[in-house]
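Colleague: First the structure, which I've put down as structure tokens, then a few questions once you've had a look.
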Amino acid sequence: MFVISQLWVRLLGTGLFLAALVFFACPFLAGIHHAGCIFGTVISVLGILFFSLNPVISGMLQKVWERDAGRFVLCVLMGVLGLGVILGVVLSIFMIRAAHDKPKEETAVTILGCQVKNGAPSLMLKKRLDVALDYLNQHESVPVIVCGGQGKDESISEAECMSRYLLSHGIEESRIYRDDASTSTLENLQNAKEIITEQDWNPEIIIVTDGYHQFRAANIAHSIGLKTKAVSAKTSWYLVPSYWVREWLGICYQFVFG
Numbered sequence: 000m001f002v003i004s005q006l007w008v009r010l011l012g013t014g015l016f017l018a019a020l021v022f023f024a025c026p027f028l029a030g031i032h033h034a035g036c037i038f039g040t041v042i043s044v045l046g047i048l049f050f051s052l053n054p055v056i057s058g059m060l061q062k063v064w065e066r067d068a069g070r071f072v073l074c075v076l077m078g079v080l081g082l083g084v085i086l087g088v089v090l091s092i093f094m095i096r097a098a099h100d101k102p103k104e105e106t107a108v109t110i111l112g113c114q115v116k117n118g119a120p121s122l123m124l125k126k127r128l129d130v131a132l133d134y135l136n137q138h139e140s141v142p143v144i145v146c147g148g149q150g151k152d153e154s155i156s157e158a159e160c161m162s163r164y165l166l167s168h169g170i171e172e173s174r175i176y177r178d179d180a181s182t183s184t185l186e187n188l189q190n191a192k193e194i195i196t197e198q199d200w201n202p203e204i205i206i207v208t209d210g211y212h213q214f215r216a217a218n219i220a221h222s223i224g225l226k227t228k229a230v231s232a233k234t235s236w237y238l239v240p241s242y243w244v245r246e247w248l249g250i251c252y253q254f255v256f257g
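What follows is the structure, given as structure tokens:
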């Protein structure tokens with residue numbers, strides 16, 4: 000039952016998983032390491048082995064299948080794999096919808112933190128800032144909250160870096176509010192909520208982050224009493240697969256552990 004007799008199917012499967020491996024390995028070359036890269040790389044390698052060495056792998060699996068315990072284990076694994084595929088599709092639908100949940104009225108903008116490199120925004124953070132600038136320039140009365148503390152490998156806080164960038168691009172200092180103590184999305188939003196409460200603003204905020212991150216960010220915001228809309232930055236194409244998978248894992252972790 001595990002044998003793939005058609006050579007073209009084996010070649011196609013091997014090629015697809017090789018392409019996936021390239022996408023998941025790319026972030027490592029850029030110095031980016033996270034659960035999405037690792038998980039995707041492992042699955043890609045397993046897929047390559049299954050298709051390229053199918054006669055050998057299928058023979059080994061067949062021997063395992065012939066034992067009752069082995070059959071049970073394989074059935075469980077196939078069930079988990081099937082559920083994983085379904086879950087990935089469902090989560091992707093929600094993530095895409097959240098990324099395009101655009102604001103209909105002017106409310107405070109909250110830019111979620113991202114890495115700072117040598118005192119300047121990383122590529123991902125710069126894209127968030129640029130899309131936020133577009134919105135802020137079109138809605139000149141809207142205030143903006145910049146979120147993010149200072150990591151061990153950062154010379155300044157993410158909030159300070161974002162503030163400097165916005166100021167250098169013409170946003171008035173009176174419009175910028177800083178949260179330079181947070182270290183996670185939850186803390187970003189909790190601290191943003193404190194600022195919103197202090198200023199007596201509308202509790203519906205516009206979250207600026209990468210599109211893949213909007214769904215989880217919105218769920219966290221809703222859990223602490225904030226309503227949200229989205230202004231989404233585009234993620235570099237070669238980073239999308241690994242960050243997308245990382246987000247699946249993050250959503251599942253949030254659902255299970257809160």
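Just so we're aligned, residue 0 is where the sequence shown starts under numbering that gives the first Met the number 0, counting upward by one. Virtual Cβ for every residue (Gly too), placed ideally from N, Cα, C. As the structure is a computational prediction, the values presented were derived from the model and not from experiment.
Evaluate contact between the stretch 135-153 and the stretch 211-218, counting only Cβ atoms and requiring at least three cross-stretch pairs below 8 angstroms.
Modeller: no
Colleague: Which residue comes first and which comes last in the alpha helix (DSSP H) that contains residue 252?
Modeller: Element bounds for residue 252: 239-256.
Colleague: Return the bridge partner residues of residue 209 from the DSSP annotation.
Modeller: Residue 209 pairs with 232.
Colleague: For residue 160, name the three-state secondary structure that DSSP assigns.
Modeller: helix
Colleague: CB-CB under 7 angstroms to residue 182, same chain, minus the five flanking residues each way: which ones, in chain order?
Modeller: Shown here for residue 182: same chain residues with a beta carbon closer than 7 angstroms to its own, the five before and five after excluded, namely 148 in chain order.
Colleague: By the DSSP assignment, the alpha helix (DSSP H) with residue 56 in it spans what residues?
Modeller: 53-64
Colleague: Sort out for me which residues DSSP pairs residue 203 with in a bridge.
Modeller: 226
Colleague: Nearest to residue 227 by CA position, among 116, 123 and 191, is which residue?
Modeller: 191
Colleague: Nearest to residue 152 by CA position, among 55, 114 and 216, is which residue?
Modeller: Residue 114 is the option with its Cα nearest to residue 152.
Colleague: Do residue 223 and residue 248 come within 8 angstroms of each other at the CB atom, strictly closer than that value?
Modeller: no
Colleague: I want to know whether the stretch 11-22 touches the stretch 48-59 - three or more CB-CB distances under 8 angstroms.
Modeller: yes
Colleague: Should the stretch 85-105 be regarded as contacting the stretch 228-240, the criterion being three or more beta carbon pairs within less than 8 angstroms?
Modeller: yes
Colleague: Apart from the five residues on each side of it in sequence, which residues of its chain come closer than 6 angstroms, Cβ to Cβ, to residue 232?
Modeller: 126, 127, 130 and 209
Colleague: If you reduce the DSSP assignment to three classes, tell me which class residue 113 lands in.
Modeller: coil
Colleague: Reducing DSSP to helix, strand and coil, say where residue 120 ends up.
Modeller: In the structure shown, residue 120 sits in a strand (DSSP, three-state: E or B).
Colleague: Report back the beta-carbon spacing between residue 63 and residue 108 to the nearest angstrom; my notes put them in contact at under 8 angstroms.
Modeller: Not a contact, Cβ separation roughly 55 angstroms.
Colleague: By the 10 Å Cβ neighbour count, where 16 or more other Cβ atoms means buried, how is residue 205 classified, buried or exposed?
Modeller: buried
Colleague: What three-state label does DSSP hand residue 2 in the structure shown?
Modeller: coil
Colleague: Using 8 angstroms as the limit for Cβ to Cβ distance, is residue 131 near chain B?
Modeller: Structure shown: chain B not included; a single protein chain is present.
Colleague: Could you tell me the alpha carbon to alpha carbon distance between residue 179 and residue 20, rounded to whole angstroms?
Modeller: 37 angstroms
Colleague: When the Cα atoms are used, what is the spatial distance from residue 119 to residue 154?
Modeller: Rounded to whole angstroms, residue 119 to residue 154 spans 9 angstroms at the Cα level.
Colleague: How would you label residue 207, buried or exposed, when you count the other beta carbons within 10 angstroms and need 16 or more for buried?
Modeller: buried
Colleague: Report the three-state DSSP secondary structure of residue 129 (helix, strand or coil).
Modeller: helix
Colleague: Per DSSP, which one or two residues make a beta bridge with residue 179?
Modeller: For residue 179, which the question treats as bridged, DSSP gives no partner whatsoever.
Colleague: Return the Cβ separation of residue 217 and residue 24 in integer angstroms, given the expectation that the two are a contact with Cβ distance under 8 angstroms.
Modeller: The beta carbons of residue 217 and residue 24 sit about 30 angstroms from each other, so the pair does not count as a contact at 8 angstroms.
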